[in-house]
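Protein sequence lines correspond, in order, to chains W and Y. Just so you know, we're using the working numbering here: the first sequence kicks off at 1 and counts up by one. Just so you know, we're using the working numbering here: the second sequence kicks off at 1001 and counts up by one. Every residue, glycine too, gets a C-beta built ideally from N, C-alpha and C. Take a look at the structure below.
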Amino acid sequence: SAVISQKPSRDICQRGTSLTIQCQVDSQVTMMFWYRQQPGQSLTLIATANQGSEATYESGFVIDKFPISRPNLTFSTLTVSNMSPEDSSIYLCSVTLWTHAYEQYFGPGTRLTVT
Amino acid sequence: QQPVQSPQAVILREGEDAVINCSSSKALYSVHWYRQKHGEAPVFLMILLKGGEQKGHEKISASFNEKKQQSSLYLTASQLSYSGTYFCGTEIPQETSGSRLTFGEGTQLTVNP
């Protein structure tokens, strides 16, 4: 298994500003993902964070809005840029040890409120 | 190609059984099941690979019918601790290396004393 921490755990931000969320894992992992979850709703994949290269974004998500870094096998950041109230959500980091048929471990999440 | 879960919600009394279904319109490589309690992160329950296998531990088990592209999660003799939202995640074969999960809308399970 893997233990994942996220910072900050929650934040309240003003419209137009940016927030960077950090994800730290206690061991080296193969794949890291960033999800968004509205309260009471499903998990939506934003992107796969690739170590040493550009992240792979899902349809509807772009790098200018959600730049992602992954400088090594245990750390990644997600930035929510030029925020609007529609960005209010819970952002979750997730990791796996394999590339296929893997079990995912989720971080505790970052609850973001944009006013 | 989000999988479809049913039912959306179920309320049980302690000791009763429940079945949660997950179906996909695409051929699947694997199906994953997670449980999320309110205010917490999703927790992995089990993974089923194509081949129609059934898995389980204690009183929670699951099956995967590859031909029907369906999976079912079985909770028997439910306990209060089973309450939460259950998500299935489906993995579809992709040409590029690595793959990703697409999660269903979730099934909210409430177990009452």
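In angstroms with no decimal places, state the Cα-to-Cα distance between Leu-45(W) and Gly-1104(Y).
Taking the first sequence and counting its residues from 1, the one referred to as residue 45(W) is at position 45. Taking the second sequence and counting its residues from 1, the one referred to as residue 1104(Y) is at position 104. Cα to Cα, the separation comes out at about 12 Å.
Which value, in whole angstroms, describes the spacing of the CA atoms of Ser-81(W) and Val-114(W)?
Indexing the first sequence from 1 puts residue 81(W) at position 81. Indexing the first sequence from 1 puts residue 114(W) at position 114. If you take the alpha carbons of Ser-81(W) and Val-114(W), they lie about 11 Å apart.
Nearest to Val-25(W) (by Cα), restricted to the options Arg-111(W), Tyr-105(W), Thr-79(W) and Thr-74(W):
Within the first sequence, residue 25(W) is the residue found at index 25, counting from 1. Of the candidates Arg-111(W), Tyr-105(W), Thr-79(W) and Thr-74(W), the one whose C-alpha sits nearest the C-alpha of Val-25(W) is Thr-74(W).
Reducing DSSP to helix, strand and coil, say where Ser-1(W) ends up.
Residue 1(W) sits at position 1 when you count from the first residue of the first sequence. Residue state, collapsed to three classes: coil.
From which residue to which residue does the beta strand (DSSP E) around Asn-1021(Y) run?
In the second sequence, counting from the first residue as 1, residue 1021(Y) sits at position 21. Segment 1018-1023, the beta strand (DSSP E) holding Asn-1021(Y).
In chain Y, which residues lie with their C-beta within 8 Å of the C-beta of Tyr-57(W)?
As a position in the first sequence, residue 57(W) is number 57, starting the count at 1. Those within 8 Å of Tyr-57(W) in chain Y number zero; the least Cβ separation is about 11 Å.
Okay, do the stretch 13-28 of chain W and the stretch 1057-1075 of chain Y touch, 3+ Cβ pairs below 8 Å being the bar?
Result no; under three Cβ-Cβ pairs closer than 8 Å.
Provide the residue span of the beta strand (DSSP E) that contains Glu-1091(Y), from first to last.
In the second sequence, counting from the first residue as 1, residue 1091(Y) sits at position 91. Segment 1084-1091, the beta strand (DSSP E) holding Glu-1091(Y).
Secondary structure of Leu-73(W), DSSP reduced to three states:
For the purposes of this step, residue 73(W) is identified with residue 73 of the first sequence, where counting begins at 1. Annotated three-state conformation of Leu-73(W) is coil, per DSSP.
So, are the CB atoms of Ala-1018(Y) and Val-1010(Y) less than 8 Å apart?
Within the second sequence, numbered from 1, the residue matching residue 1018(Y) stands at position 18. Within the second sequence, numbered from 1, the residue matching residue 1010(Y) stands at position 10. Cβ atoms of Ala-1018(Y) and Val-1010(Y): closer than 8 Å.
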